[in-house]
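First residue of the sequence shown? That's -15 in this note's numbering, and the numbers climb one at a time after it. For every residue, glycine included, the Cβ atom is placed at its ideal position computed from N, Cα and C. All figures in this text were calculated on a predicted structure; none of them were measured in a lab.
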Amino acid sequence: MSNLDSSRLSPRLQSVYQSVLDANPGQAEFHQAVFEVLLTIGPIVDRRPEYSDLALYERIVEPERQIMFRVPWTDDSGKIHVNRGFRVEFNSALGPYKGGLRFHPTVNLSIIKFLGFEQIFKNSLTGLPIGGGKGGANFDPKGKSDAEIMRFCQSFMTELQRHIGPDTDVPAGDIGVGGREIGYLFGQYKRIRNRFDAGVLTGKGLTWGGSYARTEATGYGLVYYADEMLKARGTSFDGKKVVVSGSGNVAIYAAQKVQQLGGTVIAVSDSSGYVVDQNGIDIELLKDVKEVRRLRVSDYASEREGAEFVTKGSIWDLPCDVALPCATQNELPVEAAETLIRNGVQLVAEGANMPTTPEAIEALQSAGVAYAPGKASNAGGVATSALEMQQNSGRTQWSFEETDQKLHQIMVDIHTQTVAAADEYGVPGDYVAGANLAGFLKVADAMVAQGLI
Ligand code: GLU
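1) Mapping DSSP to helix, strand and coil, what is Leu85?
2) Which residues in the same chain as Met213 place their Cβ atom closer than 8 Å to its Cβ, once the five residues preceding and following it in sequence are excluded?
3) Since His65 is in the beta strand (DSSP E), which residue starts that stretch and which ends it?
4) Tell me which residues share the same chain as Ala417 and place their Cβ nearer than 6 Å to its Cβ, disregarding the 5 neighbours each side in the sequence.
5) Please report the Cβ distance between Leu78 and Ala430, rounded to the nearest whole angstrom; I am assuming they are in contact, meaning their Cβ atoms lie under 8 Å.
6) Tell me whether Gly83 is buried or exposed, calling it buried when 16 or more other Cβ atoms sit within 10 Å of its Cβ.
7) Can you tell me whether Thr191 is buried or exposed? The criterion is at least 16 other CB atoms within 10 Å of its CB, across all chains shown.
8) Could you tell me which residues DSSP pairs with Phe53 in its beta bridges?
9) So, helix, strand or coil for Ile25, using DSSP?
10) Which same chain residues, not among the five before or five after Ala442, have their C-beta less than 6 Å away from its C-beta?
11) Check whether the Cβ of Phe74 lies closer than 7 Å to any Cβ atom in chain D.
12) Are at least three pairs of beta-carbons, each pair with one atom in the region 332 to 348 and one in the region 10 to 23, less than 8 Å apart?
13) Taking the continuous alpha helix (DSSP H) assigned at Leu421, which residues delimit it?
14) Taking three-plus beta-carbon pairs below 8 Å as touching, is the region 189 to 204 in contact with the region 87 to 105?
15) Does Gly120 pass the burial test, meaning 16 or more other C-beta atoms within 10 Å, or should it be called exposed?
16) In three-state terms, what does DSSP make of Glu292?
17) If you count every other CB in all the chains shown that lies within 10 Å of the CB of Ser129, and 16 or more means buried, which is it?
18) Flag this pair as yes or no: are the beta carbons of Phe101 and Asn67 separated by less than 7 Å?
19) With a CB to CB cut of under 6 Å and the five nearest residues on each side skipped, what residues in its chain are close to Ser231?
20) For Lys188, is the beta carbon positioned less than 6 Å from some heavy atom of the ligand GLU?
21) With DSSP as the reference, please indicate the residues paired to Leu(-12) in a beta bridge.
22) Count the other CB atoms, across all protein chains shown, that sit within 10 Å of the CB of Lys118; report buried if there are 16 or more and exposed otherwise.
23) Helix, strand or coil for Leu460 per DSSP?
24) Rounding to the nearest angstrom, what Cα-Cα distance links Val260 and Phe293 in this structure?
25) Can you tell which of Thr380, Val432, Gln138 and Asn263 has the C-alpha that lies nearest to the C-alpha of Tyr173?
26) Would you decide whether Gly223 is buried or exposed? Buried here means 16 or more other CB atoms lie within 10 Å of its CB.
27) With DSSP as the reference, label Ala156 as helix, strand or coil.
28) Can you tell me the Cβ-Cβ gap for Lys106 and Val366, rounded? I've got them flagged as a contact below 8 Å.
29) Of all the options Ala351, Asp388, Ile104 and Ile437, which has the alpha carbon lying nearest to the alpha carbon of Gly413?
30) Judging by CA-CA distance, which residue of Met373, Gln374, Leu316 and Ala336 is the nearest neighbour of Glu346?
31) So, using beta-carbon positions, are Phe140 and Gly218 closer together than 7 Å?
32) Tell me which residue opens and which closes the alpha helix (DSSP H) that Lys106 is part of.
33) With a threshold of 6 Å, establish whether the CB of Lys128 neighbours any heavy atom of the ligand GLU.
34) To test your reading of the DSSP string, which unbroken alpha helix (DSSP H) runs of 4 or more residues are found completely within the region 163 to 201?
35) To which residues of the same chain is Met52 closer than 8 Å at the C-beta, ignoring the five residues directly before and after it?
36) Please determine if the region 316 to 330 and the region 375 to 391 are in contact, where contact requires at least 3 C-beta pairs separated by less than 8 Å.
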């Protein structure tokens, strides 16, 4: 029996899932994200009959609006390229659509829809007034010059600008979109609209409307959340061996916070392999290699004494106490979960979106490993984006400490909420169910209140 077998769903939700399959053929990642939510919200069906009468389930799996557009641009030699741009405005029950932009060659409508769908419940869990959306393009930033990145961003925003606004839809970064890209996107928006709408994008530079701690927020938030999970088990990061996959913004700041809390991050990775550094990753060197010089983790290994670059096998082969997948979707398959379990892993918390496959999640949960889904554990990034929007509305800027403290409290609250929802619905310790139930109920009740739209 496949893990996405609809007979495992509550009978009322089987037809919902079937209609998602029928209406969205070939969108495997989107199917996976929907299935995971439907599987865990089964207990709501009987308790809230009005959701069925109001076709709430059918409505929530259908994006409010899906935009796809051509993005033409010229490279440095004058050659013309065409990419496809996306913005999926999934749900605005709780606030303006909010979610990042991903620039990666694998981007397609399925990827953007799975991310947008997850974003609805993640944003709901933050407790802040933000709906769910996601966008991006199948553009590969790797190896592109600064000027090429700028021309691509300008072309992308020339179309996107007509669909977004501080009270409508507020994009931010994701894979392949960081501070540099947000700068070029913001400049083009401002030029076309003739408005300094600070709140139209988040992840801005600190001198032009950005928020302190936004850069660090997803990684720090992940570790604050994981720390709560460890506390609930009577332990902490102190003395723990930690493996962090990825080496982008999420991974770097997760690694930094782990080490501040007394853990040792022994490995990070990128698409070409992973680096093992048993002494603990040198965060300043990693930041310099990745953020300043935009190089690879192999360059970190060659510059750091005692570190080794490995291309064989998987980063999950390394024995560790805590695993933090911070790279990309489905990067932790069931075989990796089994290896981690054999090696005694105690906790897996997702920094990336949907990095653990459904089979791997089941293996971890049945082995008694504490497992947190990204929509709870990586919500610190978007939460701090919502704090950036608050600061923009008030034309103000808070200190790093104040913002970081708010982020910390939000992660503690998300942990409390997810644990409470799991308890209330009879699945104690199940963070997946807790996150989906708590996130879903808030959105569903807002949709009921707002009528048939
Ligand atoms: N891309 C991030 C996420 O997956 C952040 C989105 C945002 O800040 O709007 O949640």
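In short:
1) Of the three classes helix, strand and coil, the one that applies to Leu85 here is strand, per DSSP.
2) Leu331, Ala333, Ala354, Ala356, His399 and Tyr415
3) Per DSSP, His65 belongs to the beta strand (DSSP E) from Ile64 to Asn75.
4) Thr24, Ala406 and Val411
5) 6 Å
6) buried
7) Around the beta carbon of Thr191, fewer than 16 other beta carbons lie within 10 angstroms, which makes this residue exposed.
8) Gly69
9) coil
10) Missing from the structure shown is residue 442; the chain here goes from -15 to 437 and no further.
11) Included in the structure is just one protein chain, with no chain D present.
12) Yes: the two stretches touch, three or more of their Cβ pairs being nearer than 8 Å.
13) Tyr415 to Ala433
14) no
15) That one is buried.
16) strand
17) It counts as exposed.
18) Cβ atoms of Phe101 and Asn67: not closer than 7 Å.
19) Only Val252, Asp254, Lys274 and Val281 meet the Cβ criterion.
20) no
21) None, per the DSSP bridge assignment.
22) With a 10 Å radius around the Cβ and a threshold of 16 neighbouring Cβ atoms, Lys118 comes out buried.
23) Nothing about residue 460 can be read from this structure; the chain reaches only from -15 to 437.
24) 6 Å
25) Gln138
26) exposed
27) strand
28) 6 Å
29) Ala351
30) Leu316
31) no
32) Leu93 to Leu109
33) no
34) Under the rule that a run must span 4 or more residues, the alpha helix (DSSP H) segments found entirely inside the region 163 to 201 read 163 to 177.
35) Arg68, Gly69, Phe70 and Leu93
36) no
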